[in-house]
Every structure is written in structure tokens, then in C-alpha cells.
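157 is the number that full-length UniProt numbering gives to position 157 of the sequence shown; each next residue is one higher, with no gaps. Quick notes on the structure that follows.
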Amino acid sequence: MTFPSAVSVASERSEDRDGEAVAVAYPNIALVKYWGKRDETLFLPVTGSLSMTLDIFPTTTSVRLIDGPADTVELNDAAATGTALARVEKFLDLVRAKAGRTDRAAVVTANAGPTGAGLASSASGFAALATAAAAAYGLDLDGRALSRLARRGSGSASRSIFGGFVVWHAGDGDGEAGDLSSYAEPIGGDELDPALVVAVVEAGAKAVSSRVAMRQTTETSPFYRPWAESSVLDLAEMRKAVARQDLPAIGEIAERNALGMHATMLTARPAIRYLSPHSLAILDAVLALRADGIVAYATIDAGPNVKVLCTRADAPLVAATIEGLGEFVTTRTAHIGPGARLTTGGDGE
Ligand code: 2P0
Numbered sequence: 001m002t003f004p005s006a007v008s009v010a011s012e013r014s015e016d017r018d019g020e021a022v023a024v025a026y027p028n029i030a031l032v033k034y035w036g037k038r039d040e041t042l043f044l045p046v047t048g049s050l051s052m053t054l055d056i057f058p059t060t061t062s063v064r065l066i067d068g069p070a071d072t073v074e075l076n077d078a079a080a081t082g083t084a085l086a087r088v089e090k091f092l093d094l095v096r097a098k099a100g101r102t103d104r105a106a107v108v109t110a111n112a113g114p115t116g117a118g119l120a121s122s123a124s125g126f127a128a129l130a131t132a133a134a135a136a137y138g139l140d141l142d143g144r145a146l147s148r149l150a151r152r153g154s155g156s157a158s159r160s161i162f163g164g165f166v167v168w169h170a171g172d173g174d175g176e177a178g179d180l181s182s183y184a185e186p187i188g189g190d191e192l193d194p195a196l197v198v199a200v201v202e203a204g205a206k207a208v209s210s211r212v213a214m215r216q217t218t219e220t221s222p223f224y225r226p227w228a229e230s231s232v233l234d235l236a237e238m239r240k241a242v243a244r245q246d247l248p249a250i251g252e253i254a255e256r257n258a259l260g261m262h263a264t265m266l267t268a269r270p271a272i273r274y275l276s277p278h279s280l281a282i283l284d285a286v287l288a289l290r291a292d293g294i295v296a297y298a299t300i301d302a303g304p305n306v307k308v309l310c311t312r313a314d315a316p317l318v319a320a321t322i323e324g325l326g327e328f329v330t331t332r333t334a335h336i337g338p339g340a341r342l343t344t345g346g347d348g349e
């Protein structure tokens, strides 16, 4: 299965009007997590990570250069303010600096999925913004450069530039050397064609942002270093498991890596706990499925929602089992999705 990447569609840019571009990008779910920065300004991670880009919950973003004195940002039909507005303005400042331009922009962005609920809306959001803003400001970036740019908006966005299984390299060193070497790239393995059953128990925005939680964990958890060291080994093993298309091994590594990440949060001071009783009920159901011989493994991000990796054929059974737990949970089944791309349409699907 192949998907157009941001690189292959960059040439379509000429179809867009000057100074205006629309892009769509999909969320990704990490199977080996990014949790901790070694440089907060450049968004350089402590460890490399590996993800699967999904085919649900896209973000569609348009960027139009304007004559006005300030950027305007509309997020899900409402004017963005506060932190959300500041993050976009800061990102646009970076794009303007690279392009040598000063024009302000009108940004309109919409998430098809929940925002800020641990369902990777910032990954799809900044991947779409990077792709659209680079085009609107006339930057001609290849996929690697686009990934590095998206990383500066949100670390995980570096991975959503590409479709399928993607690795984000931690990179070497600090400053410019780190910036140049910390990018994502696709690693193949898409023929595996797994499903990810996304079990949504809470669609509202989380109380503690992942950025704050990440910082608090790296600074205070005595379990952080051991997890980071084991995550380096997990990444090496995961790359091999993806290369040989070994779904049980991929699932096992993903589940232990995610639970280990949550252990670092639980041991932060003060503790951060995203897992809820509903998350644990789903983890129990996944264990029961495995006891019945179903290849099903869980991963959980910065929120209580659980994502269950399984085969495409088993996904209906996995989804029905989870939905059978009660009214508190709904599911959406995702498969491998495409990289960020420019589009002339506006609704993203
Ligand atoms: C990940 N997460 O690898 C990890 C696992 C959440 C848990 O990337 O501060 O929104 O913007 O770089 O990318 C969420 O963190 O954080 C995230 P910033 P981001 O998907």
C-alpha cells in the first residue's frame, strides 16, 4: 500500500493561489513513545519514537496571507485565544523567518476528531499547519525538512508528515546539529495492514497538557531514566518487528513501552495519572482477548483513551468486545493512513 507523501504532492503547489494553501494531515499513534525533550526550544526528544499514521480524525488547515497587522486563527469554528493562538503565532513566526517574509496570515483549522484528548490532535494539527504554511509562504521543503519544521510546532507532528509506519529519529547533539538530525521518515511495513481500535472513554480536553506532563515527568520521576534507556532498546526491537511484519511482537513491545511511560508519570512528583477505571477495564478486556488467542495489544497516550492494535480481520470482534463493556466507551477503527498533503478541497475527506 502506498500513499502520496508531502514530498510527492509538493509539486501540486502551483495549483494553489499565491499566498494561500490548504493541507490535510492525519494523527499518528506512537507504538514506541516520545516522552521527554532534551531541548524544549528546538523540540529535540530524549529518545527516538515509532508510530503508525491513522486514516481517521484528520485535521484540515488553510493558511492565507493577509494585509492585516496580526495573525488570526480559527480553530473548530471559534476564534483561537490564549495558548492555542500563541502556539500558532509562534509557529508562523518560524515559517516567516525561514521565508524572509513578514506577512501575517489567516489560519482556519478544523479537527474531525476530538481536540486535546490524547488522540493526537496536535500531531495532525501541526503537520497540516506546517504543510499549508510552508506552501503559503513559498517555502520549497522536502519531506525531511517539512518534518523538522512540523516538529517545532509539536514533536509528534514530525511523524504525521508521513503515512504508514514512521520513525522519528532523536538526532545527535544539540543546537543546529540536533535540529538537522531529528526528523521523521517512513520505514515501510505497511503491507502488514493492521487495525487500531480506538476506544474513546473521554473526548473532552485533558486537565494536564501532555507538554506539561512530559516536563514534570522528566524533571521529577526517578523512573524516567530507566524508561528512556529501555525505550531505546524497544525502538531497536520494534524496527526489527515491523521489518519482519510480526504483529504479536509489535503489539507486545508497544504495550510494555506505553505502560512503562505511564509508570514514569505515576511516579512523577506530584503524580500525573491519565489512566481511569475505564482505561483499566479496557486493558482487562484486552488481556481476556489475548487469553482467547486473539492478537490484541493496547497502547495509551496522554489521556484515558485506549488504542488496541490487532489484525484487520479481528477488529470487529475487538471493537464489539470493548463496546460490550458498557455505555462509557465508544470505538472507531482505524487503519494505516496517508502522510500530510496539500489539497485544493477544504473538508479533508
Ligand atoms: C507520542 N505523546 O509519542 C507521545 C506519547 C503523548 C504520549 O507526543 O510538547 O503534543 O507538543 O512536543 O507531541 C504528545 O506530545 O508534545 C505526544 P509537544 P506532543 O505520541
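We put the beta carbon where it would ideally sit given N, CA and C, even for glycine.
- Enumerate in chain order the residues of its own chain whose CB-to-CB distance from ASP55 is below 8 Å, with the five nearest sequence positions on each side excluded. Excluding residues up to 5 positions away in sequence, TYR26, ALA334, HIS335, ILE336, GLY337, PRO338 lie with their Cβ nearer than 8 Å to the Cβ of ASP55 in the same chain.
- Query: On the three-state DSSP scale, how would you describe ALA203?
  - Reply: Residue state, collapsed to three classes: coil.
- Query: Thinking just about the alpha-carbon of each residue, which of ARG87, ILE66, MET261, THR321 is nearest to the one in ASP234?
  - Reply: It is MET261.
- Looking at the structure shown, is VAL7 part of a helix, part of a strand, or coil, going by DSSP? Any answer about VAL7 is weak, because its pLDDT of 41 lies below 50 and its placement is not dependable; what the coordinates show is given next. Under the three-state reduction of DSSP, VAL7 is assigned to helix.
- Separation of LEU119 from THR343, as counted between CA atoms: Cα-Cα distance, rounded: 23 Å.
- Task: Throw me the rounded Cβ distance for the ASP193 and ARG312 pair, which I believe falls under 8 Å.
- Result: Beta-carbon to beta-carbon, ASP193 and ARG312 are separated by about 6 Å, close enough to satisfy the 8 Å threshold.
- Cα-Cα separation, PHE126 to ALA241: Using only the alpha carbons, I get a separation of about 29 Å.
- Message: Contact between the segment 166 to 176 and the segment 45 to 64 is defined here as three or more beta-carbon pairs at a separation below 8 Å; is this criterion met?
- Response: Yes, they touch.
- SER210: beta carbon under 7 Å from a heavy atom of ligand 1? SER210: yes, Cβ under 7 Å from ligand 1.
- Message: Please state the DSSP three-state secondary structure of PHE165.
- Response: Here DSSP, grouped into helix, strand and coil, assigns PHE165 to strand.
- Taking 7 Å as the line, does the beta carbon of TYR34 fall inside it for any heavy atom of ligand 1? It does: the Cβ of TYR34 is within 7 Å (strictly closer) of some heavy atom of ligand 1.
- Query: Roughly how many whole angstroms lie between the Cα atoms of PRO58 and ALA263?
  - Reply: So the two alpha carbons sit approximately 30 Å from each other.
- Item | Sub-8 Å separation of GLY155 and PHE43 beta-carbons | The answer is yes: Cβ separation under 8 Å.
- Item | Residues bridged to ASN28 [DSSP beta-bridge criterion] | Paired residue(s): THR53.
- Item | Selected residue, minimal CA-CA separation from PHE328, among LEU75, ASP103, ALA70, SER279 | Selected option, being the one with the closest Cα: SER279.
- Message: Tell me the residue span of the alpha helix (DSSP H) that contains ALA123.
- Response: It spans 121 to 136 - the alpha helix (DSSP H) in which ALA123 sits, taken as one unbroken run.
- Could you tell me whether the Cβ atoms of SER124 and SER181 are closer together than 8 Å? For SER124 and SER181, no; Cβs fall outside 8 Å.
- Between CYS310 and ILE294, which are expected to be in contact by the criterion C-beta below 8 Å, what is the C-beta distance as a whole number of angstroms? The beta-carbon distance between CYS310 and ILE294, rounded to whole angstroms, is 7 Å. This is short enough to meet the 8 Å contact definition.
- Query: DSSP on GLU237, reduced to helix/strand/coil?
  - Reply: Secondary structure at GLU237: helix, using DSSP grouped into helix, strand and coil.
- Item | From LEU289, LEU325, TYR34, TYR297, residue whose alpha carbon lies closest to that of SER158 | Proximity to SER158 across LEU289, LEU325, TYR34, TYR297 peaks at TYR34, based on C-alpha coordinates.
- Taking the alpha-carbon positions, what's the GLU20 to THR41 distance? Cα to Cα, the separation comes out at about 28 Å.
- Message: Among the candidates LEU149, ALA184, ARG64, VAL24, whose CA atom is the shortest distance from the CA of ALA97?
- Response: Among LEU149, ALA184, ARG64, VAL24, the Cα nearest to that of ALA97 belongs to LEU149.
- Since ASN111 sits in a beta bridge, which residues does DSSP pair it with? ASN111 has THR59 as its beta-bridge partners, per DSSP.
- Helix, strand or coil at THR41 [DSSP, three-state]: For THR41, the secondary structure class from DSSP, reduced to helix, strand or coil, is coil.
- Message: Measuring only the C-alpha atoms, how far is ASP77 from VAL107?
- Response: Between ASP77 and VAL107, the C-alpha separation is close to 11 Å.
- Query: Taking DSSP as the reference, what is the three-state secondary structure of ILE187?
  - Reply: Here ILE187 sits in coil by DSSP.
- Task: Excluding the 5 residues preceding and the 5 following GLY268 in the sequence, name in chain order all residues of the same chain whose CB lies nearer than 7 Å to its CB.
- Result: Sequence inspection shows Ala at residue 268; the Gly mentioned does not correspond to that position. If we look at ALA268 and ignore the five residues flanking it on each side, its Cβ neighbours are GLN216, THR217, THR220, SER221.
- Item | Proximity to ALA340 [Cα-Cα], best of LEU325, ALA135, GLU74, THR81 | Minimum Cα distance to ALA340 is reached at ALA135.
- Message: Less than 8 Å between the beta carbons of ILE282 and ALA213, yes or no?
- Response: Cβ distance not < 8 Å, so ILE282 and ALA213 don't count as in contact.
- Message: Can you check which of these residues, THR102, ASP103, LEU92, ARG101, is closest to THR131 by C-alpha distance?
- Response: Taking THR131 as reference, the option from THR102, ASP103, LEU92, ARG101 with the minimal CA-CA separation is LEU92.
- Note down, in chain order, each residue of its chain lying with its Cβ closer than 8 Å to the Cβ of GLY173, except the 5 sequence neighbours on either side. Answer for GLY173: SER181, listed in chain order.
- Query: Helix, strand or coil: which one does DSSP assign to VAL232?
  - Reply: VAL232 sits in a helix when the DSSP states are folded into three classes.
- Task: Could you tell me whether any non-hydrogen atom of ligand 1 is closer than 7 Å to the CB of SER62?
- Result: Incorrect: SER62 has no Cβ contact closer than 7 Å to ligand 1.
- Minimum C-alpha distance to LEU31 - residue among ALA205, PRO69, SER231, THR109: Residue SER231 is the option with its Cα nearest to LEU31.
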